[in-house]
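Reviewing the structure listed below.
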Amino acid sequence: DQQVKQNSPSLSVQEGRISILNCDYTNSMFDYFLWYKKYPAEGPTFLISISSIKDKNEDGRFTVFLNKSAKHLSLHIVPSQPGDSAVYFCAASAEGFQKLVFGTGTRLLVSP
Amino acid sequence: DTGVSQNPRHKITKRGQNVTFRCDPISEHNRLYWYRQTLGQGPEFLTYFQNEAQLEKSRLLSDRFSAERPKGSFSTLEIQRTEQGDSAMYLCASSWDPDTQYFGPGTRLLVL
Chain A
1179 DQQVKQNSPS
1189 LSVQEGRISI
1199 LNCDYTNSMF
1209 DYFLWYKKYP
1219 AEGPTFLISI
1229 SSIKDKNEDG
1239 RFTVFLNKSA
1249 KHLSLHIVPS
1259 QPGDSAVYFC
1269 AASAEGFQKL
1279 VFGTGTRLLV
1289 SP
Chain B
137 DTGVSQNPRH
147 KITKRGQNVT
157 FRCDPISEHN
167 RLYWYRQTLG
177 QGPEFLTYFQ
187 NEAQLEKSRL
197 LSDRFSAERP
207 KGSFSTLEIQ
217 RTEQGDSAMY
227 LCASSWDPDT
237 QYFGPGTRLL
247 VL
């Protein structure tokens, strides 16, 4: 049972344009969501998070939007840069639980 | 302190052998987590420590797996009688608050 889903395995964007990565979840107990970025042969790097009491969180070029009624969140990267090319993972946790539940990732390729 | 460190970075072993991995968390973090990632999947939770106490174990953690954090600082993950299905990236993460986890570079295990 995949509780966190990233239905797009890959995304290609031109440098300077917006990248939008999507994530859906099924467990209504999830109340904290995170995005991680991963390069090959490295561990995931924390990017940005959002609590369920918010619908938007912004940090520089990265913005995460949360739609609780749709159980959907998205990560916007504006403007996209070639160095953003990596695999992006969405993760979720529920209050009182320590583990993160990850999606399967979306590979982003930003071309010059 | 530059972050979570893991050793070794790579391990090749023959089926049936025992292996041990080490994780050194960020120094002020009291929570430490182990995850496993296989190709095309997101990280999957294995186990979690708060200080030296192991508080949660996934059903993925069979009897052949054991983890310790004896003094509440570094942790070890041992796999006994390795099987080819154990081949994966083993990731360690640490945190102070319960939700934002910072990952190490991982140990890639190949069982021949």
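Going line by line, the protein sequences match chains A and B.
Under my numbering, the first residue of the first sequence carries the number 1179, and numbering increases by one thereafter.
Under my numbering, the first residue of the second sequence carries the number 137, and numbering increases by one thereafter.
All C-beta atoms, glycine included, are put in the ideal place defined by N, C-alpha and C.
>> Please classify A:Gln-1258 as buried or exposed, where buried requires at least 16 other C-beta atoms within 10 Å of its C-beta.
In response: Mapped onto the first sequence, residue 1258 of chain A falls at position 80. One detail in the question is off: residue 1258 of chain A reads as Ser in this sequence, not Gln. By the neighbour-count rule (16 or more Cβ atoms within 10 Å), A:Ser-1258 is buried.
>> Going by C-alpha to C-alpha distance, which of A:Lys-1246, A:Ser-1289, A:Val-1265 and A:Thr-1284 sits closest to A:Pro-1187?
In response: In the first sequence, counting from the first residue as 1, residue 1187 of chain A sits at position 9. Ranking the options by Cα distance to A:Pro-1187, first place goes to A:Thr-1284.
>> Determine whether the beta carbon atoms of A:Ser-1271 and A:Phe-1208 lie at a separation below 8 Å.
In response: For the purposes of this step, residue 1271 of chain A is identified with residue 93 of the first sequence, where counting begins at 1. For the purposes of this step, residue 1208 of chain A is identified with residue 30 of the first sequence, where counting begins at 1. Yes, these two residues count as a Cβ contact at 8 Å.
> Cβ of B:Gly-221 less than 8 Å from any chain A Cβ?
Replying inline: Numbered from 1 along the second sequence, position 85 holds the residue referred to as residue 221 of chain B. Not one chain A Cβ lies under 8 Å of B:Gly-221.
> Of the residues that make up the segment 191 to 211 of chain B, which ones have a beta carbon closer than 9 Å to any beta carbon in chain A?
Replying inline: Of all residues in the segment 191 to 211 of chain B, Leu-191, Glu-192 and Ser-194 have a Cβ within less than 9 Å of some Cβ in chain A.
> Taking C-alpha atoms, which residue in B:Thr-218, B:Ala-203, B:Gly-221 and B:Leu-246 lies nearest to B:Cys-228?
Replying inline: Mapped onto the second sequence, residue 228 of chain B falls at position 92. Looking at the Cα atoms, B:Ala-203 is the closest of the given residues.
> Closest by CA to B:Ser-194, which one among B:Asn-187, B:Pro-179, B:Pro-206 and B:Phe-157?
Replying inline: As a working note, residue 194 of chain B is residue 58 in the second sequence. The option with the nearest alpha carbon to B:Ser-194 is B:Pro-179.
> Buried or exposed: A:Arg-1195, going by 16 or more other Cβ atoms within 10 Å of its Cβ?
Replying inline: By 1-based counting over the first sequence, the position of residue 1195 of chain A is 17. The residue in question, A:Arg-1195, is exposed, as its Cβ has fewer than 16 Cβ neighbours within 10 Å.
>> In the DSSP assignment, the beta strand (DSSP E) including A:Arg-1285 goes from what residue to what residue?
In response: By 1-based counting over the first sequence, the position of residue 1285 of chain A is 107. Per DSSP, A:Arg-1285 belongs to the beta strand (DSSP E) from 1284 to 1289.
> Going by C-alpha distance, which of A:Gln-1192, A:Ala-1219, A:Ser-1263 and A:Val-1242 is nearest A:Asp-1202?
Replying inline: Position 24 of the first sequence, counted from the first residue, corresponds to residue 1202 of chain A. Ranked by Cα distance from A:Asp-1202, the options A:Gln-1192, A:Ala-1219, A:Ser-1263 and A:Val-1242 are led by A:Val-1242.
>> So if I threshold CB-CB distances at 8 Å, which residues from the segment 1227 to 1255 of chain A count as touching chain B?
In response: Listed by position along the chain: Ser-1227.
>> Is the separation between the beta-carbon of B:Ser-211 and that of B:Leu-168 shorter than 8 Å?
In response: In the second sequence, counting from the first residue as 1, residue 211 of chain B sits at position 75. In the second sequence, counting from the first residue as 1, residue 168 of chain B sits at position 32. Yes, the Cβ-Cβ distance between B:Ser-211 and B:Leu-168 is below 8 Å.
>> Can you tell me where the beta strand (DSSP E) holding B:Thr-243 begins and where it ends?
In response: The residue labelled residue 243 of chain B in the question sits at position 107 within the second sequence. Under the DSSP assignment, B:Thr-243 falls in the beta strand (DSSP E) whose first and last residues are 243 to 247.
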